[in-house]
Each structure stands twice: as structure tokens, then as C-alpha cells.
């Protein structure tokens, strides 16, 4: 379907990658991985024909359609969410205009017997038939399903795209790509602006996708769940294996170990041959043999071991001073943006050394509460910081606050204080900005490199409570692992806003879910939370509603039952009620008998058939209890 042959591209005289080759076939779901700055986004631009290579060829089958989800998107103002999503159906929308034009002409004309009028009727029939074939009668329902899957609500559909944040606009663009009949999907960091539920939905969609998918992502779990092939760009080369990310890492490690062992054996053979050559050179009678061995040695194909780029940043979050036991206390906190209420009567207590995760759908108030905690937003209710609390805050768009015209070094020096200004170069080095790299302007850095710089800049100020909003966006997997380890070793208090399941695993000891303007606490890490939420999500799917309906809504949404159904429902409730009474009576009888046995065991046991009757009552109780459970389940299913 798509063939990459000897592809090379360079910037500033240095090759980003050189003579890379691979082929993509239908059904391939490729994880394109590599360190920040390795060339992943560049590769996507080359595959989408947005950029031309220095050399090499990208060949595709005829009429192959390629969809590309970029980080930068630009919508035409004035369109609603639905209108923008419908742009995925260009042919259908064009045909709707044609149908409207033909119908308009038919409505205005009265020459019903003319040949031209008859031709209009034929055109209408042909257009209608073609419209049906290309999905004109079901594209609207399909669009709504995809938008709902990506986290939009029905009330959002008629809102203008201008009113949505960059993250939500990215979702609209993703929806358009998923709705198009593309043969190849190129997705650059598709999970960066998605919450956990939307990521899970996207995983299921991509698994069922029949075309080619190439994904640049630093979400290890997402890659493992979706991809069946991994291409890593490292030090200008491509390593290609038909395995998802984690399996690829194991396989590549095994392959490298085999290469090293093979080269070790080859080096040993070469050394022995060189010794023989030196030995034979000294003797005239063995000179011809020495020449023969030299020629043989020249022909040896030296085994190369794949280079590994093991450079990782070195992060440590030092604790400034010990705060009091309670570091953050919120009481009835609320926040509204104009007429949109995001948080209402939120109560929260964060204690010293606790590790907390904020999760939930986008727009539910996670970032809002984080900003309220660090004092960036006004609010209703009370929020109090504890004794000696020093906050460190990493915003979701922290990298956007960096001045693109400044150099990396100047960015740090301008933020540094007298005490840590001499350490700036060492700090930058630990974040992989070494040598002449520090003189680069911020605007030429990749998204991941900017995030690394923003993290480094944050360490210039002391803190004992760390609030981080999506800190892993754009970070490569190795950098994420280093950051995770640093957070594990942080001795202070931590609040993490994140949708990255793999990153959150074993990192927090409780989770707050944001939903319907409130927060709900779950003890344990993200795995414990997901186990509990999976049950709730399943129930929500059954109810086909995102929140528990109020009695008024239940009455409004109730389906009207037929006479027979009402009769059956009433009978079921009567049987359950009678069983409840019977079970209660039997339990009381058995309890009374147990009490009597404890006092007069010998007398009662001497009575004929006493224990037979006693055991029959127990068996009947068990049978009726089991029947009650079954009928109760029937009632739930019926309702």
C-alpha cells in the first residue's frame, strides 16, 4: 500500500535519518517511536507528502487516501461542532447541494410535460441513488456516534468550534479523520488531549480499522493495546519489528545480545587469524600463506551491533522544608466561567506526603481545581494552604509560556536566583541540553524538548507540594520513565492531573474522579480506580445515560409498558414481596430454634423427627433465598 525506499532528510547539514526503508500494508498498526527530536513527526510529514525528502522515494498504490492528524490545526470560524465534523464527507455534502438545486428547480417549474423537466426527474433519481450508496442517509448518525465516543455531549454539537479549547478542537479534527474513508491514518500524539475513557474508545476503534495506521505516541499502554508493529527511529536508523512496543523492546534486547555474542566470537576469530599472519610473515616459506590469510580477513563481513541511544535526563525533585500535616483544605469550592458552572461545593483534604491523581473527562474541572490550588483562579468557597506550604506548579501548557526568541540558556538564567545561577548549565545538562545545544533558540525545539526545558526551569524554585498538570505530554517514553522514577522518590506531597494510565500506575495512593461538577475519592492507584469504574461504566452503558437520572427524568424517559407487561411486572413484584416475608419468617423460626437448642439440647433432640424438620426448614430457607435473588435480578433486567 505504501513503500518507503532509501529515505533521507537533513537539517543544517546533519542527517536526521538516512536511507530508511520499510513497507506498510493494510492491517498494519504501527507505533512510530523514538526520542524527542529523533524525527518521528518529520517522518509523518514525509509520509503525508507535506514535506519532500532530500533523497529516496515514497511510493503508494493508486488512489490511496492519507489522513494526517497534526498538532497544529486551523478551523474556519463560524462553524458548529457538527458542521465541522461533517466536512469529513465532502462528496456527500457536495451531493446535498446538487439535490437541493434540483429540488428547487422542480418546485419552481410548471412545464411538467417538457423533456427538460423529465431530465430533471431522471437526474434526481440518479443523484438520490448515488447519495444512498455513499452513505448519505446514515452519515449524520455515524458522526454523532464518533463525537460521543470522543467525549462530546449532544448539547455541544450546535456550539461554535471557536468556543472550544485547543484540546477539544483536536478531538473534532480526530473525529473528521476517523469518519473519512482513508486508507492510511497518520496520528501525531492522538492521546495528548484525550481523557482515559476517550482513549479506551479510540483503542477499540483503531483495533477494528482495516487500513494502515501509523501512530506517534509516548503512551506505552496505548501502543501496546493498539499496535501490532513497531518502527523505532534511533540515531538516524530505523528498527522495524512486527511486535507491539513492549514485546518489541524485549525482542530488540534479545537481538542485540545475539549480535554482541556473534561479534565477540568473530573478534576472537579475527584476533587468532591476525596472530597467525604475524607468525607466518616472519618466515619466507609461509609468506604466501600469510597473504592468503590477509585476503581472507579483508573479505570478512564485520558484524555490527545496533547502537543504542541511552542518554536520559537526570531528574530529582528536592524537598524545600517540611510543611504541616494538612497541606490543602478546600470547603464548598466552586467555579463558573460566565454561565457555565464547572465545580460546585467541592470539599477536599490533602495531607502531607500523600500522592493524589486527578482524573476524569476533559472539561470536568481537573485543571480548574489545580489552578485554584496554586492561586491562579478566583473561586467561591474556602481554600486554605497549610503551614510552610511551598507550591511547585507545572501547567498543562507550561511549554507555551516559554519565549521562542530566547535561547535555552537565557531562558534558565533569566529565571534563576543568585543561589542557583552558577548551577544552570549543570541542570540543563541533566535534562540533555549539553554543549552548544544551550545556545539554540526555544522556537526550534520539539514539543518534548520544550517540556524538558519547562521541567528544568520549574526546579529553579523551592517547593514541598508539587502540582503537575499533564506533565508527560510530548515526553518520549524514556524521559517519562525517568520523570516517573523522580516522582516516586519525591518525599513531598504530590497532585497529578493525567490521563496516562501507564504513567500513573503505582505512582499515587488515591484517585479523585471529576464528574458532574463534583469529585469522588477512590483509594489506591489508577488500576484500583479503573477496576471500580469499569463496573460503573458498564451500568451507564446499559442505562444509556452519563449520569443517574432523577425521579422526574426517569418518569419522563420511561417507556410505556403494554397491559401484559404491566401485569407481568406486578406479578413479579408480588412474588418478591411474598418471598421476602416468607424468608423473614423462616429466619425468625430458625433463630428461635437455635436459641432453644442452646438451652434444652437433650430434651429437644430426643423428640422424633426434630432434626429432620429443623434441616428441612434450613433447606427451605436456602431455596427461597436463592429464588428471591433470581427474581430480584429478573426485576432489575425488566426495569
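Residue numbers (my numbering): 7 to 645. For glycine and all other residues, C-beta sits at the position ideal for the given N, C-alpha and C. Every value quoted in this text rests on a predicted model; they were computed, and no experiment measured them.
Suppose contacts are defined by Cβ-Cβ distances below 9 Å. Is residue i in contact with residue j by that definition?
i: residue 83; j: residue 168; result: yes
i: residue 219; j: residue 212; result: yes
i: residue 465; j: residue 329; result: no
i: residue 398; j: residue 509; result: no
i: residue 94; j: residue 186; result: yes
i: residue 516; j: residue 529; result: yes
i: residue 371; j: residue 352; result: yes
i: residue 65; j: residue 239; result: no
i: residue 355; j: residue 339; result: no
i: residue 334; j: residue 471; result: yes
i: residue 520; j: residue 626; result: no
i: residue 514; j: residue 361; result: yes
i: residue 233; j: residue 507; result: no
i: residue 596; j: residue 623; result: yes
Which of the three DSSP states is assigned to residue i in this structure?
i: residue 550; result: Any answer about residue 550 is weak, because its pLDDT of 37 lies below 50 and its placement is not dependable; what the coordinates show is given next. Here residue 550 sits in coil by DSSP.
i: residue 501; result: strand
i: residue 469; result: coil
i: residue 178; result: helix
i: residue 5; result: Residue coverage of the chain in this structure runs from 7 to 645, which leaves residue 5 outside it and unanswerable.
i: residue 234; result: coil
i: residue 438; result: coil
i: residue 564; result: Unreliable positioning characterises residue 564 in this predicted model, as indicated by a pLDDT of 48, which lies under 50. A coordinate reading is not provided.
i: residue 44; result: coil
i: residue 448; result: helix
i: residue 122; result: helix
i: residue 586; result: helix
i: residue 609; result: helix
i: residue 508; result: helix
i: residue 11; result: strand
i: residue 362; result: strand
i: residue 262; result: helix
i: residue 6; result: Nothing about residue 6 can be read from this structure; the chain reaches only from 7 to 645.
i: residue 82; result: coil
i: residue 151; result: helix
i: residue 69; result: coil
i: residue 20; result: strand
i: residue 353; result: strand
i: residue 559; result: Low local confidence applies: a pLDDT of 45 at residue 559 is under 50, so the model's placement there is unreliable, with the coordinate-based value given in what follows. Helix, per DSSP.
i: residue 474; result: strand
i: residue 525; result: strand
i: residue 347; result: strand
Assuming residue i and residue j are in contact, meaning their beta carbons sit under 8 Å apart, how far apart are those beta carbons, in whole angstroms?
i: residue 320; j: residue 498; result: At roughly 19 Å, the Cβ-Cβ gap does not stay under 8 Å, so residue 320 and residue 498 are not in contact.
i: residue 23; j: residue 10; result: The pair is not a contact, with the Cβ atoms about 11 Å apart (cut-off 8 Å).
i: residue 331; j: residue 357; result: 6 Å
i: residue 53; j: residue 192; result: 6 Å
i: residue 177; j: residue 156; result: 5 Å
i: residue 456; j: residue 448; result: 7 Å
i: residue 350; j: residue 594; result: That belief does not hold up - the Cβ atoms of residue 350 and residue 594 are roughly 46 Å apart, past 8 Å.
Can you list, in chain order, the residues of its chain whose CB lies under 6 Å from that of residue i, leaving out five sequence neighbours each side?
i: residue 51; result: 57
i: residue 137; result: 101
i: residue 242; result: 21, 23, 24
With a threshold of 7 Å on Cβ separation, who are the neighbours of residue i within its own chain once the five nearest residues in sequence on each side are excluded?
i: residue 97; result: 140
i: residue 512; result: 531
i: residue 419; result: 427, 430
i: residue 602; result: 610
i: residue 32; result: 7, 216, 217, 218
i: residue 180; result: 75, 156, 196
i: residue 533; result: 511
i: residue 486; result: 224, 478, 509
i: residue 16; result: 22, 60
With a threshold of 8 Å on Cβ separation, who are the neighbours of residue i within its own chain once the five nearest residues in sequence on each side are excluded?
i: residue 274; result: none
i: residue 283; result: 296, 299, 300, 303
i: residue 402; result: 373, 475, 476, 479, 503
i: residue 142; result: 98, 101, 102
i: residue 188; result: 71, 72, 73, 217
i: residue 637; result: 578, 581, 582, 585
i: residue 395; result: 329, 330, 333, 334, 470, 471
i: residue 293; result: 286, 287
i: residue 407; result: 401, 460
i: residue 481; result: 42, 224, 454, 457, 458, 489
Measuring from the CB of residue i, is there a heavy atom of the ligand FAD at a distance below 8 Å?
i: residue 528; result: Ligands displayed in this structure: none; no statement on the ligand FAD is therefore possible.
Original post:
Is it a yes or a no for the stretch 246-258 touching the stretch 222-235, going by three-plus beta-carbon pairs under 8 Å?
Top reply: yes
Original post:
If we count Cβ pairs, one from each stretch, closer than 8 Å, do we get three or more for the stretch 381-398 versus the stretch 359-370?
Top reply: no
Original post:
Is the stretch 473-485 touching the stretch 445-463, taking contact as three or more C-beta pairs under 8 Å?
Top reply: yes
Original post:
Is the stretch 190-199 in contact with the stretch 101-115, if contact means three or more CB pairs nearer than 8 Å?
Top reply: no
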